[in-house]
Each structure stands twice: as structure tokens, then as C-alpha cells.
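Inspection log for the structure reproduced underneath, given as C-alpha cells.
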DNA sequence: CGATTCTTTGAAAACAGTCAATCTGTGTGG
DNA sequence: CCACACAGATTGACTGTTTTCAAAGAATCG
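Residue numbers (our numbering), protein chains in the order written: chain U, 63 to 255; chain Z, 63 to 255.
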């Protein structure tokens with residue numbers, strides 16, 4: 063299962079067999095059945111995880127106990143609670159498998175060590191972080207500027223591999239609207255075709 | 063005016079006189095009168111700017127020509143169009159001075175060079191990026207989970223130095239609500255004290 | 001099949017947006 | 001120094017959208 067992560071990196075940068083071996087020795091494989099948690103609110107997130115297969119989401123609970131979806135991830139994406147990871151503070155989010163999933167997990171220490179030992183990873187990781195930040199800026203812009211319907215369309219177009227794989231009420235909570243409103247948007251949308 | 067930037071860095075990491083000199087030689091001072099643009103939509107953002115004094119905002123225009131405020135910045139903050147800067151693509155945002163402002167501007171090339179020449183800057187810059195990313199995650203969470211009133215309160219509490227310095231209709235566009243709604247939230251809020 | 005989870009529907013109420021008019025404060029030029 | 005213009009903020013009436021609540025339908029899974 064490490065091969066998926068190796069393939070991911072090899073597509074972007076050439077790694078020697080020794081480097082791959084080093085990397086493998088620092089990863090560990092984790093299988094998560096549907097509904098299992100990779101991280102729960104209150105824990106410190108000391109790892110990052112690469113999704114080999116399956117589907118997960120991160121979400122937060124508000125004061126009334128309502129769930130708000132922060133992110134969906136599938137194959138070839140990374141998932142982490144960034145704030146907890148970078149500050150060492152208790153996580154405010156939960157990360158849960160929406161399907162049976164396979165992950166390659168890297169501890170923060172291992173990740174740092176690999177970055178030192180394999181300098182070519184540096185620009186790659188920087189690029190991932192930059193893309194991630196830009197995506198979050200786009201999401202903010204959509205959130206403050208677009209109607210629920212436009213946000214839904216953007217979501218479907220931006221993540222076609224995700225939207226038909228996750229429950230609609232979670233999509234609604236990702237878009238910041240109620241599940242009923244999402245239902246109505248969709249039926250309106252279906253008619254207008 | 064470089065002294066403000068020097069002080070900013072020196073507070074976080076010790077720099078030798080030579081390093082400071084190198085840095086200074088790569089910065090240039092820019093004065094922006096109120097309403098002037100540091101960056102306009104369509105241009106490529108090839109620099110980052112440190113605010114020495116004054117106040118600026120970045121905003122985007124939607125298809126109907128309405129303004130949506132992405133960010134406010136004051137003294138000791140950095141401002142840049144991240145997507146344009148990192149991808150070299152035309153900016154979708156505008157950066158405009160809300161007051162007469164003074165900036166220290168660093169070209170992308172200079173910034174990269176300084177990072178290579180002064181390795182101690184690396185962790186510092188990483189930390190700034192991380193904080194910036196975490197802040198944007200928090201904003202997304204508030205935007206999808208909280209009511210306009212809660213968002214307003216959070217904004218006022220999080221950025222007390224900004225909210226009483228910028229026009230309210232820009233605060234409204236930052237929060238993703240109309241200026242009239244913000245007025246009503248505020249009057250409601252004032253009564254409830 | 002029965003239980004759980006997810007989605008849809010309808011009706012009512014709450015909420016936010018729009019439009020148009022008015023008000024307030026600031027600053028500029030006569 | 002006043003008057004006017006301008007940008008910004010507020011108000012009210014109205015409209016349209018979204019939420020909420022309750023109930024019922026689908027779909028999925030053991």
C-alpha cells in the first residue's frame with residue numbers, strides 16, 4: 063500500500079530506491095472502516111495522512127452540536143487538522159471515514175526528518191501548501207460572494223469525484239446551508255435542464 | 063522607513079547588521095495615497111508588501127460588479143495576491159489603500175534570494191504562512207457555521223484595531239452580508255447592551 | 001424484513017436582500 | 001466661514017430566500 067504514496071511522489075519528483083525505502087520506513091499503513099475516526103476533537107493531531115483509498119471528511123461541531131464539514135478527501139489527497147498539527151493544540155475538528163479507507167500515516171517527526179533527508183521534497187511540499195491555501199481563499203470568496211445555488215454548482219464542478227460519493231446533508235453543511243435548502247436547489251436545478 | 067520592517071524581523075529572529083543591510087537593499091519604500099491601488103485585477107502580483115503605516119484592503123469584483131472584501135491589513139501585516147504571486151497568473155483581486163499608507167515592497171525574486179541568504183528567515187516565513195492558513199480555515203468555519211451577527215461579533219473581537227477604522231459597508235462585504243443588514247445588526251446589538 | 005440513515009416535501013416563520021429616500025459627517029472651494 | 005458636494009450610514013416598506021419543524025418517502029444494511 064506504500065506503493066500508492068510512492069507513485070504519488072514519483073510522479074512529481076524522482077526518488078532513488080534508497081529514498082523510497084527511507085520514506086517507507088517512516089510511514090505506517092492504517093485501515094479505517096467506515097465511520098471510524100482518524101482524529102477526534104480534543105486530541106492533538108501529530109500526524110498527516112495520505113489517502114490511498116476510500117473517502118473521509120473533517121468536520122467541526124458548533125455550540126448547538128451541529129456538524130459543519132470542513133473538507134472532503136479521497137485518493138491522493140492529504141488530510142490533517144492543520145491548526146492542531148502546527149500549534150500542538152487540541153484539535154477542534156474530527157476526521158472520520160465516510161467509506162472503508164486506507165491511509166499512509168506519517169508522524170510529524172517523520173515528516174520533518176524526510177524533508178531534511180530528501181531535500182527535493184521541499185519544493186513539492188511547499189507547492190502543496192500553496193495550492194491548499196489558494197483553494198481556501200477561493201472558498202472564502204465563493205462563500206461571501208455567491209448564492210447557495212452558485213456555491214453548489216461550483217462545488218459539483220470543482221469536485222466531481224466527491225459530490226456523488228458523500229451524503230447530501232454533508233455537502234449542505236460544507237456549503238453552509240440546511241439540507242432542505244440543498245434539496246430544493248437540486249430539484250430546481252434538475253427542472254432547469 | 064525600512065526600520066519598521068527591520069524591527070518586525072528583529073523581534074522574531076536576530077539579524078546581523080550585514081543581513082539587515084542586504085535586506086534593506088532588496089526592499090523598496092512605497093507611499094500610497096488614500097484610494098490608490100497597489101495592485102489591480104489583471105496584473106500579475108510579483109511582489110509582497112509589508113505595511114509600515116496606514117490601512118489597505120484587498121477585494122474582488124463579482125460578475126455584477128459588486129465588491130467583496132477579502133482582507134484588511136494595517137501596520138505590521140503583509141499583503142499580497144497569493145494566487146497570482148504563486149502561480150504567476152493575472153490577479154483576480156485589487157489591493158487598495160483605505161488611508162494614506164506606507165509600504166516596504168519586496169519583489170518575488172528578492173524575497174527568494176533573502177530566504178536563501180538568510181536561512182533563519184525560513185522558519186519565520188513558514189510560521190507566517192501557517193498562521194495565515196489557519197486564520198483562513200477559521201474564517202471558513204465561521205462563514206459556514208455562524209449567523210451574520212455572530213460573524214460580526216467575531217470580526218470585532220478578532221480585529222479590534224481594524225473594525226473602527228474602515229467603512230462599515232466594507233466590513234459588510236467582508237462578512238458576506240449587505241450593508242443594511244450590518245446596520246440592523248449593529249443597532250440591535252447596541253440596544254441589547 | 002426491520003432498523004437506521006438519508007432525502008424529500010409542505011407550511012409557517014424568521015431572516016436577509018433590495019430599493020428608495022433620508023440623514024450624517026467630512027472636506028473642499030468660493 | 002459658510003455652503004455645497006460627496007461618501008457613508010440609516011430607515012422603512014417590500015420582496016424573496018432560507019430556516020425550522022414535522023412528517024413522510026427512499027435507500028441501505030445487517
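Don't be surprised by glycine CBs; every beta carbon is placed ideally from N, CA and C.
- Chain Z places no beta carbon closer than 7 Å to that of residue 219 of chain U, leaving this residue out of the contacts.
- Contacts with chain U (Cβ-Cβ distance below 7 Å) from the segment 129–157 of chain Z involve 130, 132, 144, 145, 148, listed in chain order.
- Take residue 71 of chain U, set aside five residues on each side of it, and the residues of its chain with a beta-carbon closer than 7 Å to its own are 77, in chain order.
- Pairing residue 131 of chain U with residue 232 of chain U gives a Cβ-Cβ distance under 7 Å.
- Between the alpha carbons of residue 105 of chain Z and residue 143 of chain Z lies a distance of about 10 Å.
- Here the segment 153–170 of chain U lies against the segment 107–118 of chain U, with 3 or more beta-carbon pairs under 8 Å apart.
- Around the beta carbon of residue 251 of chain Z, a 10 Å sphere encloses fewer than 16 other beta carbons of the protein chains shown; the residue is thus reported as exposed.
- Between residue 109 of chain U and residue 146 of chain U, the C-beta gap is not smaller than 7 Å, which leaves the two residues out of contact.
- Of all alpha-carbon atoms in Z/92, Z/133, Z/64, the one lying nearest the alpha-carbon of residue 228 of chain Z is that of Z/133.
- Contact annotation: residue 153 of chain U and residue 101 of chain U have beta-carbon atoms nearer than 7 Å.
- For residue 247 of chain Z, the secondary structure class from DSSP, reduced to helix, strand or coil, is helix.
- Within 10 angstroms of the beta-carbon of residue 237 of chain U lie 16 or more other beta-carbons, which makes it buried.
- Measuring C-alpha to C-alpha distances from residue 167 of chain U to each of U/103, U/107, U/239 identifies U/107 as the nearest.
- Taking 7 Å as the cut-off, the beta carbon of residue 81 of chain Z is found no closer than this to the beta carbon of residue 64 of chain Z.
- Close CB contacts of residue 68 of chain Z within its chain, under the 6 Å cut and outside five residues either way in sequence, are with 82 (chain order).
- Closer than 7 Å to the CB of residue 195 of chain Z there is at least one CB belonging to chain U.
- Looking at the backbone, the Cα of residue 198 of chain U and that of residue 221 of chain U are separated by about 14 Å.
- Secondary structure of residue 86 of chain U (DSSP, three-state): helix.
- For the segment 195–214 of chain Z, the residues whose beta carbon sits under 9 Å from a beta carbon of chain U are, in order, 195, 196, 198, 199, 200, 201, 202, 203, 205, 206, 207, 208.
- Boundaries cannot be given for residue 226 of chain U, as no beta strand (DSSP E) includes it and DSSP labels it neither H nor E.
- At a beta-carbon threshold of 8 Å, the residues of chain Z lying near residue 238 of chain U are 205, 206, 207, ordered along the chain.
- Counting every other CB atom within 10 Å of its CB across the protein chains shown gives residue 201 of chain U a total of 16 or more, marking it as buried.
- Comparing alpha-carbon positions, the option among Z/218, Z/224, Z/219, Z/214 lying closest to residue 240 of chain Z turns out to be Z/214.
- Cα atoms of residue 234 of chain Z and residue 225 of chain Z: separation of roughly 11 Å, rounded to the nearest angstrom.
- For the segment 106–126 of chain Z, the residues whose beta carbon sits under 9 Å from a beta carbon of chain U are, in order, 122, 124.
- Among the residues facing chain Z, residue 192 of chain U is included, as its CB has a counterpart in that chain under 7 Å away.
- The segment 119–173 of chain Z is shown to contain whole beta strand (DSSP E) runs of 3 or more residues at 129–136, 156–159, 163–169, in chain order.
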